[in-house]
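Student: To get the numbering used here, take the position in the sequence shown, counting from 1, and add 8. Ideal placement from N, C-alpha and C gives every residue a C-beta, glycine not left out. Since the model is a prediction, treat every value here as computed from it, not as a measurement.
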Amino acid sequence: MAHIVGFGVDNFLVGFIIATLAKTDPIIALELSIPFFLQMLT
Numbered sequence: 009m010a011h012i013v014g015f016g017v018d019n020f021l022v023g024f025i026i027a028t029l030a031k032t033d034p035i036i037a038l039e040l041s042i043p044f045f046l047q048m049l050t
């Protein structure tokens, strides 16, 4: 259960960072987000 909670917190932080980057440089944010989405699917 702790792993799931930690995973959720990590995703929240990553999402926050990507959202912040998206405001300044959407292309970089998109390139960063792709590996995280692939990691979540596997």
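Does DSSP put D61 in a helix, in a strand, or in coil?
Tutor: Because the chain spans 9 through 50 in this model, residue 61 falls outside it and cannot be assessed.
Student: Hey, L49 and A37: beta-carbon distance below 9 Å or not?
Tutor: Sequence index remark: in the sequence shown, residue 49 carries index 41 (1-based). Sequence index remark: in the sequence shown, residue 37 carries index 29 (1-based). Their beta carbons are not under 9 Å apart, which means L49 does not touch A37 by this criterion.
Student: Taking only the alpha-carbon atoms, compute the straight-line gap between L40 and I25 and give it to the nearest angstrom.
Tutor: Within the sequence shown, residue 40 is the residue found at index 32, counting from 1. Within the sequence shown, residue 25 is the residue found at index 17, counting from 1. The straight-line gap from Cα to Cα measures roughly 10 Å.
Student: Rounding to the nearest angstrom, what Cα-Cα distance links V17 and Q47 in this structure?
Tutor: Residue numbering aside, residue 17 sits at position 9 when the sequence shown is read from its first letter. Residue numbering aside, residue 47 sits at position 39 when the sequence shown is read from its first letter. Distance between the alpha carbons of V17 and Q47: 15 Å.
Student: To the nearest angstrom, report how far apart I42 and I35 are at their CA atoms.
Tutor: Here residue 42 refers to the residue found at position 34 of the sequence shown. Here residue 35 refers to the residue found at position 27 of the sequence shown. Taking the straight line from one Cα to the other gives about 11 Å.
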